[in-house]
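>
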Amino acid sequence: MKKFAIIILTIALALSVSACKPKVVKPGPTTPTNTPGTSPSAPVGEGEVSTGFCIETSLSDSTDATADKGGAAKCESAFYAVTVDADGVIESCVIDAVQSTIEFSADGKLTTDTATEFPSKNELGKAYGLAQASPIGKEWNEQAKAFAQYCVGKTAQEVSGIAMTADGKAADADLASSVTIRIGGFIAGVEAAAKNAHPLGAKHGDTLKITSMTNISSSGDATADGDGTAQVDTTVAVITLDGDKVTSCYIDGVQASVKFDAKGKITSDINADIASKNTLGDNYGMKSASSIGREWYEQAAAFASYVTGKTIADVGNIAVSEGKATDADLASSVTIRITNFIALIEKAA
């Protein structure tokens, strides 16, 4: 099957860009560091570009419930995708993020409907509500797009050297005219994505997109017998398109959870690192329960390979039964439910 999903999409982009983990970029030196070059792990064919991705997730803003105010599990996942040429120069860049909040009471009960789904900041657009507080009247998605465009034509090393002020904002006048939010995370995320790009089939001139879906349906109340769980499940796809034809696809996911007791006190470490499913690799633990002995990242990569070369309409017409593939070829390598995967591709239209 397409050389086993292009060797599991180059082992799921080297296990999600070797744990991704963009370094914390602090205001300080504004000269480029001696970052190694951004050569991909495999040769880029004529007319091809490599695809890079990074996902960074934090729960650190979560808070306990008190007598006066409910608790909140606050999850922020940021996504960075790039295509880079054979010289490591960024050809296209997309940035997006999802903020998810699950509230719970001082008696350990969820107060947020577990049927809630969270759109990304790019999907929210003006509804995100940053523009009214922005000195340049620009919404988050507009500023993220402007920063992404500023990175086009740069290498990972050049992105890492983008100058910041003491409070983490753009020092360059041109960039500051369109981006006034703090950019340290943007710099780190784009740099990590570019440094770990791999050839997955994208071509020069293809359109790069990020789509995501986020739900909290696995969350539950605390009881006398155990802690409650505020769990955010996000699945994200990086897709390149030639018109409506998928030229490359990469899928990842992240589960982020906050535990709380029957008094609404958080019992888990909200500062712990949160790895994506592809980063976890075999440690995600699905293989032992899989009827085909394949881990989540392997199945996600196989699906991504299966849809490469198809139109978005073709992907939307993939037959499923109870959410699973009915096509024998696809079902031989993907036994998990694929309805969300299909929906992610359709969202790229």
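When you line the sequence shown up against our numbering, it's residues 755 to 1103, in that order. Glycine included, every Cβ here is placed at the ideal spot set by N, Cα and C.
1) Between N895 and K875, which are expected to be in contact by the criterion C-beta below 8 Å, what is the C-beta distance as a whole number of angstroms?
2) Taking the straight line between their C-alpha atoms, what separation do you get for N812 and K1031?
3) Nearest to G982 by CA position, among K1017, D928, A917, T934, is which residue?
4) DSSP puts C808 in a beta bridge; with which residues?
5) Given that a residue counts as buried once 16 or more other Cβ atoms are within 10 Å of its Cβ, and exposed if not, what is Q897?
6) Roughly how many whole angstroms lie between the Cα atoms of Y834 and G939?
7) Take T792 and list the residues in its own chain whose beta-carbon comes closer than 8 Å to its own, dropping the five residues that flank it on each side.
8) So, using beta-carbon positions, are G955 and S1002 closer together than 7 Å?
9) How long is the line joining the alpha carbons of Y1060 and G806, rounded to whole angstroms?
10) The beta strand (DSSP E) with D839 in it runs from where to where?
11) Of all the options S1022, N1037, Q985, which has the alpha carbon lying nearest to the alpha carbon of T866?
12) Give the range of the alpha helix (DSSP H) segment to which T817 is assigned.
13) Please determine if the segment 961-980 and the segment 917-936 are in contact, where contact requires at least 3 C-beta pairs separated by less than 8 Å.
14) I need the DSSP call for G974, collapsed to helix, strand or coil.
15) According to DSSP, is I1066 part of a helix, a strand, or is it coil?
16) Would you kindly work out how many angstroms separate the C-alpha atoms of R936 and S1075, rounded to a whole number?
17) When the Cα atoms are used, what is the spatial distance from A1058 to W1050?
18) Kindly give me the distance between the Cβ atoms of A1054 and I1005, rounded to whole angstroms, as I take these residues to be in contact under 8 Å.
So, to answer that:
1) 6 Å
2) Rather than Asn, the amino acid found at residue 812 in this sequence is Ser. Approximately 15 Å, taken between the alpha carbons.
3) K1017
4) Y834
5) buried
6) 10 Å
7) Model confidence at T792 stands at a pLDDT of 35, short of 50, so the residue's coordinates are unreliable; what they give is reported in the following sentence. Counting only residues of its own chain and dropping the five nearest sequence neighbours on each side, T792 has a CB closer than 8 Å to the CB of V838, G842, T909, A910, Q911, A948, K949, A951.
8) A contact, by the Cβ cut-off of 7 Å.
9) 19 Å
10) Where D839 is concerned, there is no enclosing beta strand (DSSP E), given that its DSSP letter is neither H nor E.
11) Q985
12) From DSSP, T817 is part of no alpha helix (DSSP H); its letter is neither H nor E.
13) no
14) strand
15) helix
16) 46 Å
17) 12 Å
18) 4 Å
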